[in-house]
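Visitor: Take this structure first; my questions come after.
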Amino acid sequence: MNNQKNKTGKKAPFLETLIESFIRLCGISSIIFVFGIFFFVFKEGAGFLFGGLDIWEFLTSEEWYPTSLNNKRYGTFALILGTFSVTALAMLIAVPFGLGAAIFVSEFCSPKLRETFKIVIELLAAIPSVVWGFIGLTVMNQLIIAVFNAPIGLTMLNGGIMLALMSVPIIVSIAEDALKAVPDSYREAAEALGATRWQVIYRVLLPAAKNGLLAAVLLGAARSIGETMAVLMATGHSVNIPSGPLSWIRTLTATIAAELGEVAQGDEHYQVLFIIGILLFTITFVVNLIADLVIKGIRQS
Numbered sequence: 002m003n004n005q006k007n008k009t010g011k012k013a014p015f016l017e018t019l020i021e022s023f024i025r026l027c028g029i030s031s032i033i034f035v036f037g038i039f040f041f042v043f044k045e046g047a048g049f050l051f052g053g054l055d056i057w058e059f060l061t062s063e064e065w066y067p068t069s070l071n072n073k074r075y076g077t078f079a080l081i082l083g084t085f086s087v088t089a090l091a092m093l094i095a096v097p098f099g100l101g102a103a104i105f106v107s108e109f110c111s112p113k114l115r116e117t118f119k120i121v122i123e124l125l126a127a128i129p130s131v132v133w134g135f136i137g138l139t140v141m142n143q144l145i146i147a148v149f150n151a152p153i154g155l156t157m158l159n160g161g162i163m164l165a166l167m168s169v170p171i172i173v174s175i176a177e178d179a180l181k182a183v184p185d186s187y188r189e190a191a192e193a194l195g196a197t198r199w200q201v202i203y204r205v206l207l208p209a210a211k212n213g214l215l216a217a218v219l220l221g222a223a224r225s226i227g228e229t230m231a232v233l234m235a236t237g238h239s240v241n242i243p244s245g246p247l248s249w250i251r252t253l254t255a256t257i258a259a260e261l262g263e264v265a266q267g268d269e270h271y272q273v274l275f276i277i278g279i280l281l282f283t284i285t286f287v288v289n290l291i292a293d294l295v296i297k298g299i300r301q302s
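Just so we're aligned, residue 2 is where the sequence shown starts under my numbering, counting upward by one.
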């Protein structure tokens, strides 16, 4: 890179070359770190994954008894359903509120009010997940018991609300940026044709920003799938097939967090927890791949 020249034809300064090399190193290192994490997780679970684990039973059985003395069973079907059900419930709550708030901040707020809302949204995003879990364990637990007359409020509904509150700031921030990125000429042309403000939003802005809005929703869903402490504290942490919003559930991430510190390093239970980590990597990869295909399809349409 020492021979690189700038626009004037002169040799690039040493400092500029150093900064460019540092930026390139940062980009490459992020890829290395991702593969390094996956390699570590795969290495810890590969022995049992290829040396005794029944993959079909692991994915389809709902019996999770890793500490049984006579018949250890490692079925994650209930954990997978618990993860997807609480994530779906969270998105059902978060997406309308998040996109609605993004539209309000982008199109209806005055500049001063917009900055105030952005500060509040950033503060919500900065709240640690364990604090959200504590709110679910204390405040939301009592509310669900009082409103639904449930025996206990640590349910899928509780976890879904907590995950929704954690996902909304991400959805709002990215969706608002996507809406603001739509050229003003689009708005001006629609208004010149006599469109009302709502017609401009529905007919012009939302279709033009659909890629960014989809990315906002998917990032919010990814936050929900990977969340640990909030669902560990708010969902009851019970291995069950969810039958409704008031069901007690356990997620894949919460299982790893709750049990990894209690197992002997290298034994079957320890390796199975890392295999669950591999499963989470796979789920995330599939979600991102589907999202990429959907976005490409939208761009081509």
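All C-beta atoms, glycine included, are put in the ideal place defined by N, C-alpha and C.
For Gly46, does the three-state DSSP call read helix, strand or coil?
Guide: If DSSP states are grouped into helix, strand and coil, Gly46 belongs with the helices.
Visitor: Output the distance between the C-alpha atoms of Met230 and Leu16, rounded to the nearest integer angstrom.
Guide: Roughly 44 Å between the two C-alpha positions.
Visitor: Mind reading off the beta-carbon distance from Gly46 to Gln272? Whole number of angstroms is fine, and I expect it under 8 Å.
Guide: That belief holds up - the Cβ atoms of Gly46 and Gln272 are roughly 5 Å apart, short of 8 Å.
Visitor: Let's test the definition: count the other Cβ atoms within 10 Å of the Cβ of Tyr75 and tell me whether it reaches 16, buried, or not, exposed.
Guide: Its Cβ being crowded by 16 or more others within 10 Å, Tyr75 is buried.
Visitor: Quick one: is Val131 buried, meaning 16 or more other Cβ sit within 10 Å of its Cβ, or exposed?
Guide: Classification for Val131: exposed.
Visitor: Tell me the DSSP secondary structure of Asn3 in three-state form.
Guide: Only weak support is given to the placement of Asn3: the predicted model assigns it a pLDDT of 46, under 50, and the question is left unresolved by the model.
Visitor: Straight-line CA distance for Gly99 to Gly160?
Guide: Using only the alpha carbons, I get a separation of about 18 Å.
Visitor: Excluding sequence positions up to five away, which residues of its chain have a Cβ less than 8 Å from the Cβ of Thr236?
Guide: Correct list, in chain order: Gly83, Val87, Leu155, Thr156, Met157, Asn159, Gly160, Trp249, Ile250, Arg251, Thr252 and Ala255.
Visitor: So what's Ile242 in DSSP terms, helix, strand or just coil?
Guide: Three-state result, Ile242: coil.
Visitor: Is Ile128 helix, strand or coil by DSSP?
Guide: Coil, per DSSP.
Visitor: Express the C-alpha separation of Pro208 and Ser244 in angstroms, rounding to a whole number.
Guide: If you take the alpha carbons of Ser244 and Pro208, they lie about 36 Å apart.
Visitor: I'd like to know if the region 103-110 and the region 166-181 are in contact, where contact means that at least 3 CB-CB pairs between them fall below 8 Å.
Guide: Counting Cβ pairs under 8 Å, three or more are found: they touch.
Visitor: What does the alpha-carbon distance come out to for the pair Val173 and Ala217?
Guide: Roughly 8 Å between the two C-alpha positions.
Visitor: Which whole-angstrom value describes the C-beta separation of Ala126 and Ile81, a residue pair presumed to lie in contact below a C-beta threshold of 8 Å?
Guide: About 28 Å separates the two Cβ atoms, so there is no contact after all.
Visitor: Of the residues Leu294, His270 and Leu215, which one's Cα is nearest the Cα of Ser69?
Guide: Among Leu294, His270 and Leu215, the Cα nearest to that of Ser69 belongs to His270.
Visitor: Could you tell me which residues DSSP puts in a beta bridge with Gly237?
Guide: DSSP lists Ile250 as partners of Gly237.
Visitor: Measuring only the C-alpha atoms, how far is Pro112 from Ala259?
Guide: In a straight line, the C-alpha of Pro112 is about 45 Å away from that of Ala259.
Visitor: Residue range of the alpha helix (DSSP H) that Gln143 falls in?
Guide: Segment Asn142 to Phe149, the alpha helix (DSSP H) holding Gln143.
Visitor: What does a CB cutoff of less than 6 Å around Ala291 pick up in its chain, not counting 5 residues either side in sequence?
Guide: Here residue 291 turns out to be Ile, not Ala, going by the sequence shown. Around Ile291: no qualifying Cβ.
Visitor: Taking just the CA atoms, how far does Ile284 sit from Phe198?
Guide: It is Arg, not Phe, that sits at residue 198 in the sequence shown. Spanning the two alpha carbons is a distance of roughly 40 Å.
Visitor: Taking the alpha helix (DSSP H) that Pro97 belongs to, which residues open and close that run?
Guide: Unbroken alpha helix (DSSP H) run through Pro97: Phe78 to Glu108.
Visitor: List the endpoints of the continuous alpha helix (DSSP H) containing Leu261.
Guide: From DSSP, Leu261 is part of no alpha helix (DSSP H); its letter is neither H nor E.
Visitor: Roughly how many whole angstroms lie between the Cα atoms of Phe149 and Ile257?
Guide: Cα-Cα distance, rounded: 30 Å.
Visitor: Return the chain-ordered list of same chain residues with a C-beta closer than 6 Å to the C-beta of Glu64, the five sequence neighbours on each side being excluded.
Guide: So the list reads Arg74 and Gly76, once near-sequence residues are dropped.
Visitor: Give the straight-line distance between the Cα atoms of Leu214 and Gly221, rounded to the nearest whole angstrom.
Guide: Distance between the alpha carbons of Leu214 and Gly221: 11 Å.
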